[in-house]
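Asks: One structure, as structure tokens, below. Some questions next.
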Amino acid sequence: MLFQPPISPSYSKLSSKQIAERIAEHKRNFGDRLVILGHHYQQDDVLEFADFNGDSLKLSQIAANQNAAEFVVFCGVHFMAESADILTDDTVKVILPDLSAGCSMADMAALDQLEDAWAFLTESAGETFVPITYVNSAASIKAFCGEHGGACCTSSNAAMVLEWAFKQGEKVIFLPDQHLGRNTAYAMGIPLDEMVVYDPKEPDSGLTAEQAKAARVILWKGHCSVHQLFNEAQCDAIRANEPDRKILVHPECSWEVVQKAHLSGSTEFIINTIRDAPAGSKWAIGTEVHLVNRLTKTHTDKDVRSLATIQCLCTTMYRISPTQLLWSLDELADGRVTNQIRVTPDIKHWANVALDRMLSNVASAPKAISQLVD
Ligand code: 13P
Ligand code: SF4
10 MLFQPPISPS YSKLSSKQIA ERIAEHKRNF GDRLVILGHH YQQDDVLEFA DFNGDSLKLS
70 QIAANQNAAE FVVFCGVHFM AESADILTDD TVKVILPDLS AGCSMADMAA LDQLEDAWAF
130 LTESAGETFV PITYVNSAAS IKAFCGEHGG ACCTSSNAAM VLEWAFKQGE KVIFLPDQHL
190 GRNTAYAMGI PLDEMVVYDP KEPDSGLTAE QAKAARVILW KGHCSVHQLF NEAQCDAIRA
250 NEPDRKILVH PECSWEVVQK AHLSGSTEFI INTIRDAPAG SKWAIGTEVH LVNRLTKTHT
310 DKDVRSLATI QCLCTTMYRI SPTQLLWSLD ELADGRVTNQ IRVTPDIKHW ANVALDRMLS
370 NVASAPKAIS QLVD
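When we follow our numbering, the leftmost residue of the sequence shown carries the number 10, and every step to the right adds one.
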């Protein structure tokens, strides 16, 4: 994890109103030189300053079009800011307002682990694998996939990318989220017994060469600590007690939860589904709490609540507070480019190949990855 130095204690004396006014003033002063991007899991009082908001796919596409800006301030997590740096020209400086805004799932795949896995898999089953990485991964992992004939995907387009991958080779290694990989491959018709899990922490005691050879999909043993808080019992309780409430979850939830949900898709898909749902409809949502609360507040004609009774908060997304955003804009206004996210040119080249294969092979409309009939 990168180290975020503490900011001046004077920031803690500012009221929310003062912070908001100063951010708005910076935006006016910077004009077109500054673009602020915000992911759907950000706090409302951060997102109100975003010029664009979206899921990972939409934000990647928007970032790729920001070459006229001098600064892109990314209100999201580290891998998203890295993707923005990869997709923009060298003239654009990408800033992450708090360097400790990482992603625990992205941290579950390191380059040396992937190199070990690749050596084991290709030794076991030959050069038949196509590496596909969820964008929730480090730039070095994306670069490895680009260099080895693979691509990136997001939760909006994982099925389209997997279809593309199976035209390139016989087998896929999908990382770092085993759940998105399993849910997507299963929805495409690949049975569970053709998928195996590779544990990067215990490479010697897990998967055998025979199992790797027999499988079509190798799933990296990684997960999202937020989405693993949703479970089957929550779905069972809703289905038993409130049969008219629909369950809508993010595909980072486990396969068991996705099977018991009515619908599953990316954050953008979740937003669009609730927006288009009829007044009076009831929903239980399995994703990060800030997005669920926003949906509840926005759609007062519908009954929208979290699938869980506990708070499913992404603590790293939460690090981007209005105060941190103001501090990073103050730094820029004072001529200091602080917290710039820079991907080295060699990694950038191959990571760009992986991102480009994704962006040029997929449609942008957020799709459900599974749709169950009751
Ligand atoms: P989306 O692409 O659906 O926004 O997901 C990003 C993410 O990190 C979900 O945990
Ligand atoms: Fe990472 Fe999960 Fe947070 Fe998304 S919700 S940024 S996958 S830890």
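We treat Cβ as the ideally placed atom computed from N, Cα and C, and that holds for glycine.
Do Val352 and ligand 1 come close, with the Cβ less than 8 Å from some heavy atom?
Replies: Counted from its first residue, the sequence shown places residue 352 at position 343. Checking every heavy atom of ligand 1 against the Cβ of Val352, none is found closer than 8 Å.
Asks: Within the present structure, is the beta-carbon of His271 separated from the nearest heavy atom of ligand 1 by less than 8 Å?
Replies: Looking up residue 271 in the sequence shown gives position 262. His271: no, Cβ never under 8 Å from ligand 1.
Asks: On the three-pair Cβ rule with 8 Å, is the region 299-307 touching the region 31-38?
Replies: In short, these stretches do not touch, since the Cβ pair count stays below three.
Asks: Going along the chain, which residues of its own chain have a beta-carbon closer than 8 Å to the beta-carbon of Asn38, five neighbours each way excluded?
Replies: Along the sequence shown, read from residue 1 onward, the residue named residue 38 stands at position 29. The answer, listed in chain order, is Ala342.
Asks: Considering just the uninterrupted stretch of the beta strand (DSSP E) at Ala317, what are its terminal residues?
Replies: Along the sequence shown, read from residue 1 onward, the residue named residue 317 stands at position 308. Looking at the DSSP string, Ala317 is not in any beta strand (DSSP E), and its letter there is neither H nor E.
Asks: My parser needs the beta strand (DSSP E) runs of 3 or more residues fully inside the region 123-184; what are they?
Replies: List check, beta strand (DSSP E) in window: 138-143, 160-162 and 180-184.
Asks: Mind checking whether the beta-carbon of Leu145 lies closer than 8 Å to any heavy atom of ligand 2?
Replies: In the sequence shown, residue 145 corresponds to position 136, counting from 1. Residue identity differs from the one stated: residue 145 is Asn in this sequence, not Leu. Asn145 Cβ: within cutoff of ligand 2.
Asks: Drop a sphere of 10 angstroms on the beta-carbon of Ala242, count the other beta-carbons inside from all chains shown, and report buried for 16 or more, exposed for fewer.
Replies: Counting from one through the sequence shown, the residue named residue 242 turns up at place 233. Ala242 is exposed by the Cβ-count criterion.
Asks: Identify, in the order they occur along the chain, each residue of the same chain with its Cβ nearer than 6 Å to the Cβ of Asn370, setting aside the five sequence neighbours on each side.
Replies: Start at 1 with the first residue of the sequence shown, and residue 370 comes out as number 361. These residues qualify, in order along the chain: Trp173.
Asks: Please tell me whether Met114 and Ser234 are closer than 9 Å, where the distance is taken between their beta carbons.
Replies: Position 105 of the sequence shown holds residue 114. Position 225 of the sequence shown holds residue 234. In this structure, Ser234 lies closer than 9 Å to Met114 by Cβ.
Asks: Closest to Gly85 by CA distance: which of Gln52, Gln70 and Met117 is it?
Replies: For the purposes of this step, residue 85 is taken as residue 76 along the sequence shown, with counting starting at 1. Closest by alpha carbon: Gln52.
Asks: Would you list the one or two residues that DSSP bridges to Met204?
Replies: On the sequence shown, residue 204 is found 195 positions in, with the first residue counted as 1. Its beta-bridge partners are Val226.
Asks: Would the C-beta of Val235 count as close to ligand 1, meaning under 8 Å from any of its heavy atoms?
Replies: Counting from one through the sequence shown, the residue named residue 235 turns up at place 226. Yes, ligand 1 has a heavy atom inside 8 Å of this Cβ.
Asks: Report the CB separation of Trp292 from Leu257 in whole angstroms; it is logged as a contact under 8 Å.
Replies: Within the sequence shown, numbered from 1, the residue matching residue 292 stands at position 283. Within the sequence shown, numbered from 1, the residue matching residue 257 stands at position 248. The pair is a contact, with the Cβ atoms about 6 Å apart (cut-off 8 Å).
Asks: Would Cys112 pass as a contact of Asn62 if the rule is Cβ separation under 9 Å?
Replies: Within the sequence shown, residue 112 is the residue found at index 103, counting from 1. Within the sequence shown, residue 62 is the residue found at index 53, counting from 1. In this structure, Asn62 does not lie closer than 9 Å to Cys112 by Cβ.
Asks: Give me the Cα-Cα distance between Gln75 and Leu43, rounded to the nearest whole angstrom.
Replies: As a working note, residue 75 is residue 66 in the sequence shown. As a working note, residue 43 is residue 34 in the sequence shown. Near 10 Å, if we compare the C-alpha coordinates of Leu43 and Gln75.
Asks: Is Ser214 helix, strand or coil when you go by DSSP?
Replies: Here residue 214 refers to the residue found at position 205 of the sequence shown. Note: Ser214 maps to coil in three-state DSSP.
Asks: Taking the alpha-carbon of Ile141 as reference, which of Thr163, Gln122 and Phe129 has the nearest alpha-carbon?
Replies: On the sequence shown, position 132 is the one that residue 141 refers to. That would be Thr163, whose Cα lies nearest to the Cα of Ile141.
Asks: Per the contact definition of three or more C-beta pairs closer than 8 Å, is the region 331-339 in contact with the region 92-111?
Replies: Yes, they touch.
Asks: Please report the residue range of the alpha helix (DSSP H) in which Leu364 lies.
Replies: Within the sequence shown, numbered from 1, the residue matching residue 364 stands at position 355. That run of the alpha helix (DSSP H) goes Pro354 to Asn370.
Asks: Count the other C-beta atoms from every protein chain shown that fall within 10 angstroms of the C-beta of Ser25, then say buried if there are 16 or more, exposed otherwise.
Replies: Mapped onto the sequence shown, residue 25 falls at position 16. By the neighbour-count rule (16 or more Cβ atoms within 10 Å), Ser25 is not buried but exposed.
Asks: Determine the DSSP secondary structure at Lys255, reduced to helix, strand or coil.
Replies: Here residue 255 refers to the residue found at position 246 of the sequence shown. Reduced to three states, the DSSP call for Lys255 is strand.
Asks: In chain order, what residues of the same chain have a beta carbon less than 6 Å from the beta carbon of Val382, not counting five sequence neighbours either side?
Replies: Here residue 382 refers to the residue found at position 373 of the sequence shown. Its pLDDT being 44, under 50, Val382 is placed unreliably in this model, and the coordinates cannot settle the point.
Asks: For Glu156, which residues from the same chain have a beta carbon less than 7 Å from its beta carbon, with the 5 sequence-adjacent residues on both sides left out?
Replies: As a working mapping, residue 156 is identified with position 147 in the sequence shown. Closer than 7 Å at Cβ, skipping near neighbours: Trp359.
Asks: Measuring CB atoms only, is the region 256-271 touching the region 173-189, in the sense that at least three cross pairs come out at less than 8 Å?
Replies: The region 256-271 vs the region 173-189: in contact.
Asks: For the alpha helix (DSSP H) that contains Cys244, what are its first and last residues?
Replies: Numbered from 1 along the sequence shown, position 235 holds the residue referred to as residue 244. Where Cys244 is concerned, the enclosing alpha helix (DSSP H) stretches over Glu241 to Asn250.
Asks: Ligand 1 and Thr163: does any heavy atom of the ligand fall closer than 8 Å to the residue's C-beta?
Replies: The residue you call residue 163 lines up with position 154 of the sequence shown. Under cutoff, so the answer is yes.
Asks: Checking the sheet assignment: what are the DSSP bridge partners for Cys233?
Replies: Position 224 of the sequence shown holds residue 233. Cys233 pairs with nothing; no bridge assigned.
Asks: My parser needs the alpha helix (DSSP H) runs of 4 or more residues fully inside the region 63-97; what are they?
Replies: With a minimum length of 4 residues, the continuous alpha helix (DSSP H) runs that stay inside the region 63-97 are 65-72 and 87-96.
Asks: Should Val167 be counted as a contact of ligand 2 given a C-beta to heavy atom distance under 8 Å?
Replies: What you label residue 167 is simply residue 158 of the sequence shown in a count that begins at 1. A small fix is needed here, since residue 167 is Ala in this sequence, not Val. Incorrect: Ala167 has no Cβ contact closer than 8 Å to ligand 2.
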